[in-house]
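Read the structure below first, then the notes.
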Amino acid sequence: MSKESYKTKPPSDSAFLIGAEFNDQENLLSLDDSLSELTLLAKTAGLDVVGSETQKRARPHPKTFIGSGKVEEVKLFAEELDAQVIIFDEELSPRHQRELEKLFGEDMRVLDRTALILDIFAQHASTREGALQVELAQYEYRLPRLTRAWTHLARQAGGGGGRTGSAGGVGLRGPGETQLEVDRRDIRRRISHLRAELDKVRAHRQRHRAQRKRSRIPIVALVGYTNAGKSTLLNGLAASDVYVADQLFATLDPTTRRVELPDGTPILFTDTVGFIQKLPTMLVAAFRATLEEIAEADLLLHVLDITHPNVHAQAEAVLQTLKEIDADHIPILTALNKIDRLHDPGAARLALDAFPDAVAISALRHEGIGDLLAAIQRQLFEFYTPLDMLLPYSEGRLISLFHAQGEVELVEHTHKGVHIRGRLPGRYLAQFKSFLPEVADNEDAQEVEG
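Listed below in structure tokens is the structure:
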């Protein structure tokens, strides 16, 4: 067991962490590395981590997730360290949650990784849109677990745009079954209301995206693991003041800034929430309106913290999330950030070999930014992707766009629509997404002289 001692009582709640690994489970990070990430998440939520335990099992225990003996062991350690919160590095089922709450007792709260991330999002949601998205995810998480008033959801949003949660607070055991049914109905009504409000947000964003497409200004979406340096990069590129902090999920709300490429061509950079391994599905769903900013981009700029020991696993987590939100068809350029922290300058060259089509940069010191903008310019205007698709006659705008901006090799008029084969600049792929049976890999793209 790992422990951290304190000379005085910490001002915030103390947390004890539990990591588990199962034989049939596929994880991007090792058990210890994942627990280290959970430690950062807990500290971001304002908790003091006082200890941790791990267990490897063939499968989760049907009642207690980890073994019953391990539960007793953890309870003793947590009581000895005066921990008020037990946090599991997985999403617990409602049954596991109920059983563990009984075993750990009323004086100790039980959270899982999903609840912790939801709480961090609640603390960092600074706009009405962000607050709505977080509140929806919180209620969808809470509904099947509604047997106790969840203390990490105690200060829920009342429909306004304020912040909505904290890992702190004191919770009371829930009321009787009749009241629980009333609560469930109230939550379902609230969920319906939130979805309707977010549909309005989504429609509003779609109108703005349509206006940007008509302006023909390419859009580059910044994507990356949380704390990779996306907001710092956006600030450096656009001389803006997007909030930056050395913590996980410092930025939730999307920010768009106009930047000029080396040849003077204007483009738009959009920064949004960072990704993480085991990103809760309900968060992905709740943030659909925001994440569509990524799915509609002309180019994705994948920002990686090249100094992180798990950089390859983090990169894979980002690619998996892009697939979940149907953005994996968009061309990607990789920015290897934080090279100023490398002790050996030659390490940057080795990193470039490990990540093809990448540019080494320091967003903080503005190193390599010129090379990055030049690479973005090539990707947007010089690289063409082979396409073979059938466009309905009703999509006259797209047919005209292909002829105007692409290189057409074949056109066949059929009773179903226009069969077009040729090459198209990568920045237009997102507009043809619905009609692409299969987009060629980036390595198949052909560079065309300007």
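Here the numbering used here runs 622 ahead of the position in the sequence shown, where the first position is 1.
Just so it is clear, CB atoms sit at the ideal spot from N, CA and C, and this is done for glycine as well.
| Check | Outcome |
| --- | --- |
| Can you tell me whether Ser1022 is buried or exposed? The criterion is at least 16 other CB atoms within 10 Å of its CB, across all chains shown. | exposed |
| Hey, out of Gln719, Pro953, Arg1049, Leu725, whose CA is closest to Phe1003's CA? | Arg1049 |
| Rounded to the nearest angstrom, what separates Phe1057 and Leu1051 at their Cα positions? | 10 Å |
| Have a look at the DSSP bridge pairing and note the partners of Lys678. | Glu643 |
| Under the three-state reduction of DSSP, which class applies to Glu713: helix, strand or coil? | coil |
| Shortest alpha-carbon distance to Ala919 belongs to which of Leu995, Leu844, Gln942, Leu1046? | Leu844 |
| Out of Gln1001, Ile708, Glu643, Ile739, state which residue places its alpha-carbon closest to the alpha-carbon of Leu662. | Ile739 |
| Determine contact between the region 942-952 and the region 876-887, defined as no fewer than three beta-carbon pairs at a distance below 8 Å. | no |
| Using a 10 Å radius around the Cβ and a threshold of 16 neighbouring Cβ atoms, would you call Gly1018 buried or exposed? | exposed |
| Name the DSSP bridge partner or partners of Pro1047? | Tyr1006 |
| For Ser652 and Ile809, I'd like the C-alpha separation in whole angstroms. | 37 Å |
| Any idea what DSSP makes of Asp966, helix, strand or coil? | coil |
| Would you decide whether Thr894 is buried or exposed? Buried here means 16 or more other CB atoms lie within 10 Å of its CB. | buried |
| Under 8 Å between the Cβ atoms of Thr943 and Phe897? | yes |
| Using only the alpha-carbon positions, how far apart do Asp948 and His924 sit? | 16 Å |
| Taking C-alpha atoms, which residue in Lys697, Ala759, Phe710 lies nearest to Asp729? | Lys697 |
| DSSP three-state call for Asn932: helix, strand or coil? | coil |
| Where does Glu1031 land, buried or exposed, given buried means 16+ other C-beta within 10 angstroms? | exposed |
| Check whether the Cβ atoms of Arg1045 and Tyr1006 lie closer than 8 Å to each other. | yes |
| On the CB-based measure, 16 or more other CB atoms within 10 Å of its CB, does Glu645 come out buried or exposed? | With the sequence shown as reference, residue 645 is identified as Asn, and Glu is not the correct amino acid for it. So Asn645 ends up on the exposed side. |
| Could you check the C-alpha separation between Val1033 and Leu1012 for me, to the nearest Å? | 10 Å |
| If you reduce the DSSP assignment to three classes, tell me which class Lys1055 lands in. | helix |
| Quick one: using the 10 Å Cβ neighbour count with 16 as the cut-off for buried, is Lys960 buried or exposed? | buried |
| Expressed to the nearest angstrom, what Euclidean distance is found between the alpha-carbon atoms of Ala759 and Arg806? | 15 Å |
| Do you know offhand how far Glu803's Cα is from Gly727's? | 24 Å |
| For the structure I just gave you, are there three or more beta carbon pairs, one from the region 711-723 and one from the region 676-686, closer than 8 Å? | yes |
| When you compare the CB positions of Leu650 and Ile709, do they come within less than 8 Å of one another, or not? | no |
| Tell me, to the nearest whole angstrom, how far the beta carbon of Asp670 is from that of Ala637; I am working on the premise that it is less than 8 Å. | 7 Å |
| Tell me, to the nearest whole angstrom, how far the beta carbon of Leu958 is from that of Ile928; I am working on the premise that it is less than 8 Å. | 4 Å |
| Which residue marks the beginning of the beta strand (DSSP E) containing Arg731, and which one marks its end? | 731-734 |
| Check whether the region 845-857 touches the region 962-981, taking contact to mean three or more Cβ pairs, one atom from each stretch, closer than 8 Å. | no |
| Out of Ala705, Glu712, Tyr763, state which residue places its alpha-carbon closest to the alpha-carbon of Arg731. | Ala705 |
| Let me make sure I understand the geometry here. Which of Ala969, Val906, Ala917, Thr903 has the alpha-carbon closest to that of His599? | Outside the displayed span of the chain (623 to 1072) sits residue 599, for which this structure offers no information. |
| When DSSP labels each residue in this structure, what does Ser984 get in the three-state scheme? | strand |
| Who pairs with Met904 in a beta bridge, going by DSSP? | Per DSSP, none; premise fails for Met904. |
| State the start and end residues of the unbroken alpha helix (DSSP H) segment that holds Arg701. | Note on identity: in this sequence residue 701 is Glu, with Arg being the wrong assignment. Counting along the chain, the alpha helix (DSSP H) containing Glu701 begins and ends at 690-702. |
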